[in-house]
Structures are given as C-alpha cells and as structure tokens.
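Undergrad:
Below, the structure is given as structure tokens:
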C-alpha cells in the first residue's frame, strides 16, 4: 500500500499543482489587500475576510489531498449518485436556503454558508463524462444529444430558480465539451447565430432585424438551390399572404399588429410550400424556411424574455454593455468604479496595500467578483498582464492533460474542467473591464469565498488523480 501510494504521488502533475498554489496564494494576497484594516492586521483574524479565507485555503488543501487520494474508479462508479445528490442539494436550497444578495443560494451550516451550485458543477462534469464515455454513444444520435442536454439543463434550471443567473450561465461552458466529443458544428453555428440575433434585436429596431432575416434567407436560398424562379415565387407568396392578412384585419376590425401579420403569413405560406418541398425534393429549402420561421419567432420573443424574465438590474447591465443606457451611479456603478481602479494603476501599479479605490471601498464586491480590479490598481498593467498570461498557461496545461488521457471518461472530465475554468476566467475578467454584463461569478482560486475555492479545488484535483491513473485505468 505504501509503495502504491508513493507511486501515485510520483505520477502527479506537479507543474499544475504549483500553478494552482501560485494562483491561490496570489489571490489571498489580493484579498488581504482589498479588505485590509489597520486595526486588524493579522491574517488569522477570523473576523475579517482575509482571516476566513486563510482557513478556507487550509481546508481546500485538505480537500485537494482527499480528492487526489481517492481512486478514479470511485468517481466513475459513483458519478450518477453524486449527480443526483447535487440535484437534491439544489432542491433543498430552494426550501431551507438562506437569501444573500437577493438569491436563495446558500445552505447554513453552523457559522458557515455552503453554496450547492458550486459543487453541482463537479457532479455534472462527472455524470456527463460517464454518460458520454459509454461505447457507441454518439452526439450525432438524437437520443444521446437529448439526454446530454437534459443532464446539463436540470441543474442549470434549479439554479435559475434561486435565482442565480451567473451560476446558471456557467453551464453554457459544457457546449465546448460536447463539441470536442462530436457535437455537429452546425449546432454551434446555429447557437451562435441565435445569440447574435438576440443582441441585434435588443440594439436594433425589430422591423429592421426581420427585414434583414428575409433578405439573408433569400440570398442563402439562391446560393443553395440556384433557382431564381423558386426564390421569387417564395417571396411573392409570403408578400401575398401578408397582404391578405392585412386586408382581413382591416375589414374585420381586428387590427392585427405588423408582427402578428408577418408571423401568420410565414406559417400559412410555409403550409402552402410543403407540397412543393416534397414534389421537387427541396430539402435544403424546407430546412432554411424552418430556420427563418424559428428566427422570426425568436426575434418576437426576445423582448418578452428580456422584459419579463430577466431582473431589472440584469436588463440594465446588459443595456449598459450594449451602449443603450448609461447609469454610472446605479447598475453601472460597479463596472465604472472597477475601470477607474484598473486604469488608475497605470503601468506598474500603486503598490501592495496602496490602492485608494479599494482601500476606501469605492468598488463593491472588490474581494469577490471584482477582485481583478485590485490586481489592476495595485500591480498595474504589468500585474494584470502576468495574471492573464498565467491563467492562460494554466488552462493550456489542463487542456494538454485532457488530450493525453487514454480513457474517454478522463478526457471528457478534463475538458469539463478546462471549459468551466475558462468560462469563469473569461467572463469574470471581462465584466470587470466592461466587456460583459455583471453576472456575479468568481475568479477561480482567486476570489474570496469558501464554496467556490473548495469546488474549484475538488474539480481540479479529481482530474489530477485521473491523470495519475491514466496508464492503469481505461473506461
């Protein structure tokens, strides 16, 4: 047993461990600086955030050792039970959870609060890896794609009910995992185009967006079918149907809106087109028309979703990023102060414990979601560049480890680790400099908080154990 343990320790990727330690330590340094109080200088002072973070870091190191010492077979065979346990914890938090900052996301445990959403990412990664690692299971199959999607959507939906939009959006990162495992590129392209359509609908007038969709569809149809007469007939049919619906609304006094007339015209024209699609075997035309119909419906629904599902502060933050609104003293205050703090750091920064923006609490959540602005103010351009470069090297290292796995289970889990960490780093840094809306997700191993630090640590060290076992275990 002792020999095997030393053998396992000898196979651990120590470079990744050292990079992890560097991120945790430098993160603690910045937490200490952002929350420093001269009357409480001790790093072990549990009444201060840096004191709590110190103890959480010690606990994280213990969890890292425990996570690494457990055999990979345990994670494989208990992947589904752990996943269902995480779903139960997300349900429990809706019932007995404590509300902090408007979200019922925390379960009180004595003097601490645990956030189940952070640990659900680990369980979902394991379950997804196990499901997709089964022999002959392909994402080209509808059943596999459906089950995989439900596996990702289930925890995301429960987190959305808390509501915690930031942690919900993190599950988008699993798309990268699915793409690596064979998800057709067309699905990604369609997803990207619908996301683009969402933002265009918010920025531009809806009429302009719909006209653009019609023109784009006509051009693509000409390119695919190379039959001008079919394209012109299709346009004429849609226009004629629209005119008939408009005339009917005027005669009956129903006063249909322009958008209702457009949508009804597309449905009726589509029904008329069905025999032609079938007779002339215009499969591409049928698919393209279905995409047009879905795009128009999506464009109509954007405003409803934006105005009725998103919270007011979320709508404002998106509008600020898109340049539709300016609210420097309201919802845009955090980002505005964050950019001031980062910009004030100049090339080399103001120095450790000398950040005025952070010292006088101008930046809300400066030790959690906006910890990166502390780096910018105190360490300047040099510090921010090095932190971003270090994260990039760290993520590339994880990607390299994932690719060298012999087991599909290990590889898929490794890509989950890479995708989740990449999403967090990209979005967290992006929102502190105003590139993304503020959605409230931590910077991995850096931000203040026990649940996120522990979850990220467990996520990483489970993978390091898989990597150490890669030559012995293949599922």
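Numbering (this note's numbering), first residue to last: 1 to 475.
In this text, a Cβ means the ideal position worked out from N, Cα and C, and glycines have one as well.
Please state if the CB of residue 441 and the CB of residue 369 are separated by a distance shorter than 8 Å.
TA: yes
Undergrad: Applying the 10 Å Cβ sphere with the 16-neighbour rule, what's the burial state of residue 77?
TA: exposed
Undergrad: Ignoring anything shorter than 4 residues or poking outside the stretch 156 to 224, list the alpha helix (DSSP H) runs there in chain order.
TA: 165 to 169, 174 to 180 and 185 to 203
Undergrad: Need the endpoints of the alpha helix (DSSP H) that residue 411 sits in, please.
TA: 408 to 432
Undergrad: Indicate the three-state DSSP secondary structure (helix, strand or coil) for residue 105 in the structure shown.
TA: Looking at residue 105 - three-state DSSP - the assignment turns out to be strand.
Undergrad: Rounding to the nearest angstrom, what Cα-Cα distance links residue 363 and residue 459 in this structure?
TA: 30 Å
Undergrad: Can you find at least 3 beta carbon pairs, one from the stretch 164 to 184 and one from the stretch 414 to 427, that sit closer than 8 Å?
TA: Judged by pairs of C-beta atoms under 8 Å, the stretch 164 to 184 touches the stretch 414 to 427, as three or more such pairs exist.
Undergrad: Kindly give me the distance between the Cβ atoms of residue 121 and residue 455, rounded to whole angstroms, as I take these residues to be in contact under 8 Å.
TA: 6 Å
Undergrad: Express the C-alpha separation of residue 367 and residue 378 in angstroms, rounding to a whole number.
TA: 13 Å
Undergrad: Check whether the stretch 273 to 288 touches the stretch 250 to 257, counting contact only when three or more Cβ pairs, one atom from each stretch, lie closer than 8 Å.
TA: no
Undergrad: Since residue 163 and residue 103 are thought to touch, with beta carbons under 8 Å apart, how far apart are those beta carbons, to the nearest angstrom?
TA: 6 Å
Undergrad: Buried or exposed: where does residue 184 fall if 16 or more other Cβ atoms within 10 Å of its Cβ makes it buried?
TA: exposed
Undergrad: Going straight from the alpha carbon of residue 238 to that of residue 195, what length do you get?
TA: 26 Å
Undergrad: I'd like the span of the alpha helix (DSSP H) that includes residue 92, first residue to last.
TA: Run containing residue 92: 79 to 96, per the alpha helix (DSSP H) assignment.
Undergrad: Mind checking residue 14: buried by the 16 CB within 10 Å criterion, or exposed?
TA: exposed
Undergrad: In the DSSP assignment, the alpha helix (DSSP H) including residue 114 goes from what residue to what residue?
TA: Note, residue 114: premise wrong, no alpha helix (DSSP H); beta strand (DSSP E) at 112 to 114.
Undergrad: Excluding the 5 residues flanking residue 166 on each side, which residues of the same chain have their C-beta closer than 6 Å to its C-beta?
TA: 439, 440 and 441
Undergrad: Residue 274 by DSSP, collapsed to three states: which one?
TA: helix
Undergrad: Counting along the chain, where does the alpha helix (DSSP H) carrying residue 65 start and finish?
TA: 49 to 69
Undergrad: Here's the rule I'm using: 16 or more other beta-carbon atoms within 10 Å means buried, otherwise exposed. How should residue 301 be labelled?
TA: exposed
Undergrad: Could you tell me the boundaries of the alpha helix (DSSP H) in which residue 337 lies?
TA: 333 to 344
Undergrad: Tell me the rounded alpha-carbon separation between residue 191 and residue 198.
TA: In this structure, the CA atom of residue 191 is about 11 Å from the CA atom of residue 198.
Undergrad: Under the DSSP definition of a beta bridge, which residues are partnered with residue 99?
TA: 104
Undergrad: Across which residues does DSSP place residue 40 in a beta bridge pair?
TA: 37
Undergrad: With three or more C-beta pairs closer than 8 Å as the rule, is the stretch 88 to 99 touching the stretch 384 to 397?
TA: no
Undergrad: Compute the beta-carbon to beta-carbon distance between residue 352 and residue 381, rounded to the nearest angstrom, for a pair I have assumed lies under 8 Å.
TA: Rounded, the Cβ-Cβ distance is 16 Å, inconsistent with contact.
Undergrad: Pull up the distance between the alpha-carbon of residue 117 and that of residue 284, whole angstroms please.
TA: So the alpha carbons of these two residues sit roughly 42 Å apart.
Undergrad: Leaving out the 5 sequence neighbours to the left and right, which residues in its chain are closer than 6 Å to residue 67 when beta-carbon positions are compared?
TA: 458, 461 and 462
Undergrad: Just the Cα atoms here: how many angstroms apart are residue 108 and residue 73?
TA: 32 Å
Undergrad: Indicate whether residue 259 and residue 339 have their beta-carbon atoms separated by less than 8 Å.
TA: Not a contact, by the Cβ cut-off of 8 Å.
Undergrad: Can you say whether residue 149 is buried or exposed, counting buried as having 16 or more other CB atoms within 10 angstroms of its CB?
TA: Classification for residue 149: exposed.
Undergrad: Could you give the distance in angstroms between the alpha-carbon of residue 132 and the alpha-carbon of residue 412?
TA: Counting only the Cα atoms, residue 412 lies some 8 Å from residue 132.
Undergrad: Check this for me: beta carbons of residue 392 and residue 421, under 8 Å apart or not?
TA: no
Undergrad: What whole-angstrom Cβ distance do residue 152 and residue 135 have, given they're in contact under 8 Å?
TA: Wrong, their Cβ atoms sit about 22 Å apart, outside the cutoff.
Undergrad: Would the beta-carbon of residue 293 fall within 8 Å of that of residue 266?
TA: yes
Undergrad: If I'm right that residue 125 touches residue 115 with Cβ under 8 Å, what's the distance once you round it to whole angstroms?
TA: 17 Å between Cβ atoms; not a contact.
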